[in-house]
Every structure is written in C-alpha cells, then in structure tokens.
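Chemist: Below is a structure I'd like to ask you about.
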Amino acid sequence: MFIHNAATFLTRPADVKTLKEELKRYTDVYFRRINKFVMLALIGAYRCVLNQQISRDTSIYLTTENGNLGDTESVLNQIYRLHSLPMPYNFINTMANTASFYVAQGLNLTGRNISISSQNLSFERGLELLKTDMDLHVVRSALAGSVDEATASESHFREKSGLLHDQVNQVDRSCWLYLRSEQDGAVGEVTAIRSFQTKQDSLQWLETHGHSCSRPLFLSFGMAIGSEEKEVWRQKIRPDGEFDYIRDCGYLNATTACGVAEFVNQFKSANLLHVNKNFQDQYVILLMQCY
Numbered sequence: 001m002f003i004h005n006a007a008t009f010l011t012r013p014a015d016v017k018t019l020k021e022e023l024k025r026y027t028d029v030y031f032r033r034i035n036k037f038v039m040l041a042l043i044g045a046y047r048c049v050l051n052q053q054i055s056r057d058t059s060i061y062l063t064t065e066n067g068n069l070g071d072t073e074s075v076l077n078q079i080y081r082l083h084s085l086p087m088p089y090n091f092i093n094t095m096a097n098t099a100s101f102y103v104a105q106g107l108n109l110t111g112r113n114i115s116i117s118s119q120n121l122s123f124e125r126g127l128e129l130l131k132t133d134m135d136l137h138v139v140r141s142a143l144a145g146s147v148d149e150a151t152a153s154e155s156h157f158r159e160k161s162g163l164l165h166d167q168v169n170q171v172d173r174s175c176w177l178y179l180r181s182e183q184d185g186a187v188g189e190v191t192a193i194r195s196f197q198t199k200q201d202s203l204q205w206l207e208t209h210g211h212s213c214s215r216p217l218f219l220s221f222g223m224a225i226g227s228e229e230k231e232v233w234r235q236k237i238r239p240d241g242e243f244d245y246i247r248d249c250g251y252l253n254a255t256t257a258c259g260v261a262e263f264v265n266q267f268k269s270a271n272l273l274h275v276n277k278n279f280q281d282q283y284v285i286l287l288m289q290c291y
C-alpha cells in the first residue's frame with residue numbers, strides 16, 4: 001500500500017461553531033445536522049485530499065477508539081438524569097459510522113465505506129482490512145482515518161483520575177492517510193502490518209524478518225507499551241533513532257494514526273517500525289517507509 005498524502009488535525013477541545021469555521025476553509029458544501037464528531041472526520045479527510053487527484057471509487061476506512069462521545073453523553077444524560085426520551089437528533093448521531101457517510105458525501109466518493117473500532121488497535125485493524133482488500137484488487141485507493149473527540153465529561157475525568165488541569169491537556173483529533181495501490185507519486189509505503197497473539201510471537205517474527213528492514217530505521221511505540229518493555233524492543237531492533245509521538249501529542253491523545261501521519265510529514269528517506277498492543281496483550285507490528 002502506497003501512501004500519497006497524510007494529514008493531522010489536533011486541536012484543544014473545540015465547539016461546533018469553531019469547527020464549522022475550520023471546515024469552511026476546505027469546502028463550501030453545506031452539511032445539515034452534523035455534530036462535532038462528523039465535523040472532525042470531515043476536516044481531517046479534506047485536509048488529507050488537499051491538492052490530490054482523488055478518484056470517485058476511493059474507499060473510506062474510518063477508525064475510532066471511542067466513537068461519538070459528545071452525543072452519547074447527551075443521550076445518557078437525557079435518559080438517566082433527566083428521565084426523558086432522548087432528542088432524535090442526539091440519538092441518531094450516537095452512531096459513529098454516520099461520519100464516514102458524510103465524508104463520502106462531501107468528497108463525492110462511491111467506494112467502500114467502513115467504520116472500525118478495536119480497543120487500542122483500531123487504526124491497525126483498519127489498515128489490515130484495507131491491505132486485504134487491496135491485495136484482492138477490490139480496492140485501488142482509500143482514505144484511512146482515525147477520529148476521536150476529547151472526553152466529554154472532562155471535569156469528571158479529572159476528578160476520577162486525580163490528574164491536575166495542566167496534566168490532562170486533551171485534544172480533538174482527526175488523522176488520515178490517502179493510500180493507493182499504485183506507487184507513482186507516492187510519498188511512502190506501508191511495507192508490512194502483522195498481528196500476533198503474544199509478544200513472543202511478534203519477537204520471533206522480527207528475528208526472522210528484522211534483517212530485511214531498511215535503514216535508517218526509527219522505532220515507535222503505542223501508548224500501551226510500558227517503559228521496561230520498550231527497552232526489550234530497543235535491544236532487539238537496535239534502531240537508528242526513536243520517534244516519540246506520544247511525547248508531542250500527549251498520552252491521552254496519542255493514536256497510531258497520529259504517529260504514522262506525523263512521521264510521513266516530518267521524515268524523508270526513513271523507515272518506521274511501530275509496535276502496539278491492546279489490553280489483552282495482542283500485538284501489531286507496522287512497518288512503513290518514507291521516500
């Protein structure tokens with residue numbers, strides 16, 4: 001899979017009015033009854049296809065860790081605190097997969113349209129599915145994105161976690177890749193994405209295939225990888241450098257899509273090996289090359 005563009009949109013929690021103004025920078029299409037989650041998806045997708053010749057049969061693989069937090073919280077508040085039926089607009093918009101529909105509508109795309117969530121590995125699962133579809137020649141080009149809102153109940157989050165205000169620093173985020181099966185004009189390539197049931201399986205695979213990794217090679221970790229485990233991977237890989245996007249994005253905001261998109265935009269003639277896992281200790285290794 002060849003990467004033709006990458007875009008990130010990270011902002012402190014913004015209201016709908018602010019996001020509408022940002023969206024107007026990229027399109028004059030009028031979208032009715034859209035919420036914050038949908039607008040984040042649209043802004044990130046539009047930024048990703050900016051100055052790109054995108055075909056109408058481009059598919060959309062939208063991934064999310066938490067889905068539409070804002071309207072979900074509103075609906076739960078109406079049901080359990082106000083003891084009333086939820087407002088129809090709020091209720092309909094709890095479905096996070098409507099965001100990918102609006103992206104397709106706004107960009108006039110007719111390809112596959114899929115929304116994916118998988119605890120802490122959502123973006124990886126989306127890329128795995130996309131790779132399978134491209135290998136089968138079902139999909140030729142696609143937008144793969146990761147969209148999440150900042151936690152809606154921010155004050156409750158701080159109270160429960162014990163974190164101070166300046167330690168939370170949550171952001172709304174929308175990070176996207178534009179990928180095609182053709183290399184011409186590409187800025188990079190996803191060379192491998194592999195899932196493993198255990199850490200040992202992933203380390204064994206790396207022993208077999210690690211020698212073929214191109215250099216310079218940078219190592220990057222998902223947020224579930226602890227400090228002691230990071231050292232194990234460093235010793236195994238012996239990277240030329242480390243790309244710590246979590247330090248820049250913040251622990252609460254870091255997703256694999258953020259790291260990959262930022263790497264594409266910051267590095268040339270470099271390679272990234274990204275290690276991540278979910279909370280059942282299932283691992284995914286992502287290898288990427290930037291031209």
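Okay, so the sequence shown: first residue is 1 according to our numbering, each after it adds one. Think of the CB as a built atom: it goes at the ideal place given N, C-alpha and C, for glycine as much as any other residue.
Drop a sphere of 10 angstroms on the beta-carbon of Arg215, count the other beta-carbons inside from all chains shown, and report buried for 16 or more, exposed for fewer.
Modeler: As a first step, residue 215 is located in the sequence shown; it is residue number 215 there, counting from the start. Classification of Arg215: exposed, given that the 10 Å Cβ count is below 16.
Chemist: Start and end of the alpha helix (DSSP H) containing Gln105?
Modeler: Here residue 105 refers to the residue found at position 105 when the sequence shown is read from its first residue. First-last of the alpha helix (DSSP H) with Gln105: Thr98 to Leu107.
Chemist: Just how far apart, CA to CA, sit Ile313 and Ile193?
Modeler: Outside the displayed range of the chain (1 to 291) lies residue 313, so it cannot be described from this structure.
Chemist: Mapping DSSP to helix, strand and coil, what is Lys277?
Modeler: Along the sequence shown, one-based indexing puts residue 277 at 277. It is a strand residue.
Chemist: Taking the alpha-carbon positions, what's the Ala142 to His83 distance?
Modeler: Mapped onto the sequence shown, residue 142 falls at position 142. Mapped onto the sequence shown, residue 83 falls at position 83. In a straight line, the C-alpha of Ala142 is about 43 Å away from that of His83.
Chemist: Measure how close the beta-carbons of Ile237 and Leu273 come, nearest whole angstrom, since I'm counting them as under 8 Å.
Modeler: Residue numbering aside, residue 237 sits at position 237 when the sequence shown is read from its first letter. Residue numbering aside, residue 273 sits at position 273 when the sequence shown is read from its first letter. Confirmed, Cβ separation roughly 6 Å.
Chemist: For Ile114, I'd like the list of residues in its chain whose CB is within less than 6 Å of its CB, leaving aside the five on either flank, ordered along the chain.
Modeler: The residue labelled residue 114 in the question sits at position 114 within the sequence shown. Cβ within range, chain order: Tyr61.
Chemist: For a test of the three-state rule: what should DSSP assign to Ile3, helix, strand or coil?
Modeler: By 1-based counting over the sequence shown, the position of residue 3 is 3. In this structure, Ile3 counts as strand in the three-state DSSP scheme.
Chemist: So, are the CB atoms of Lys36 and Gly70 less than 7 Å apart?
Modeler: Reading the sequence shown from its first residue, position 36 is the one you call residue 36. Reading the sequence shown from its first residue, position 70 is the one you call residue 70. Cβ atoms of Lys36 and Gly70: closer than 7 Å.
Chemist: Three-state secondary structure (DSSP) at Met134?
Modeler: Start at 1 with the first residue of the sequence shown, and residue 134 comes out as number 134. In this structure, Met134 counts as helix in the three-state DSSP scheme.
Chemist: Taking the Cβ atom as the reference point for each residue, do Tyr89 and Lys199 lie within a distance shorter than 7 Å?
Modeler: Taking the first residue of the sequence shown as position 1, residue 89 is located at position 89. Taking the first residue of the sequence shown as position 1, residue 199 is located at position 199. Result no, Cβ atoms of Tyr89 and Lys199 do not sit closer than 7 Å.
Chemist: Of all the beta strand (DSSP E) runs that stay within the bounds of the stretch 171–206, which reach a length of 3 or more residues?
Modeler: Here the runs fully enclosed are 172–180 and 188–196.
Chemist: For Val139, I'd like the list of residues in its chain whose CB is within less than 8 Å of its CB, leaving aside the five on either flank, ordered along the chain.
Modeler: To locate residue 139, count along the sequence shown from 1; it is residue 139. Same-chain partners within the cutoff: Ser59, Gly111, Arg112, Leu130, Asp133 and Ser181.
Chemist: Just checking my contact of Thr63 with Gly145 at CB under 8 Å: how many whole Å lie between their CB atoms?
Modeler: Translated into the one-based positions of the sequence shown, residue 63 becomes position 63. Translated into the one-based positions of the sequence shown, residue 145 becomes position 145. Rounded, the Cβ-Cβ distance is 7 Å, consistent with contact.
Chemist: Does the distance from the CB of Val171 to the CB of Arg12 come in under 7 Å?
Modeler: Reading the sequence shown from its first residue, position 171 is the one you call residue 171. Reading the sequence shown from its first residue, position 12 is the one you call residue 12. Closer than 7 Å, so yes.
Chemist: What does a CB cutoff of less than 7 Å around Ser55 pick up in its chain, not counting 5 residues either side in sequence?
Modeler: The residue you call residue 55 lines up with position 55 of the sequence shown. Ser141, listed in sequence order.
Chemist: Where does His137 land, buried or exposed, given buried means 16+ other C-beta within 10 angstroms?
Modeler: Looking up residue 137 in the sequence shown gives position 137. Result: exposed.
Chemist: Please go through the same chain and pick out, in chain order, the residues whose beta-carbon is closer than 6 Å to the beta-carbon of Leu10, but skip the five residues on each side of it.
Modeler: Here residue 10 corresponds to residue number 10 of the sequence shown, with the count starting at 1. Here the set comprises Val171 and Arg173.
Chemist: Ignoring anything shorter than 3 residues or poking outside the stretch 47–116, list the beta strand (DSSP E) runs there in chain order.
Modeler: You should have 59–63 and 113–116.
Chemist: What did DSSP end up calling Ile34 once you bin it into helix, strand or coil?
Modeler: One-based indexing of the sequence shown puts residue 34 at position 34. Ile34: coil per DSSP, three-state reduction.
Chemist: Just how far apart, CA to CA, sit Ser220 and Leu177?
Modeler: Taking the sequence shown and counting its residues from 1, one reaches residue 220 at position 220. Taking the sequence shown and counting its residues from 1, one reaches residue 177 at position 177. So the two alpha carbons sit approximately 18 Å from each other.
Chemist: Let me check one thing: in DSSP terms, what residues is Asp148 bridge-paired to?
Modeler: Position 148 of the sequence shown, counting from 1, holds the residue named residue 148. Asp148 is bridged to Arg173.
Chemist: Taking only the alpha-carbon atoms, compute the straight-line gap between Val75 and Arg33 and give it to the nearest angstrom.
Modeler: Position 75 of the sequence shown holds residue 75. Position 33 of the sequence shown holds residue 33. Approximately 16 Å between the Cα atoms of the pair.
Chemist: What does the Cβ neighbour count give for Asn93, buried or exposed, with the cut at 16 atoms within 10 Å?
Modeler: Here residue 93 refers to the residue found at position 93 when the sequence shown is read from its first residue. Buried: at least 16 other Cβ atoms inside 10 Å.
Chemist: Going by the beta-carbon positions, is the gap between Val49 and Gly106 smaller than 7 Å?
Modeler: The residue labelled residue 49 in the question sits at position 49 within the sequence shown. The residue labelled residue 106 in the question sits at position 106 within the sequence shown. No, these two residues do not count as a Cβ contact at 7 Å.
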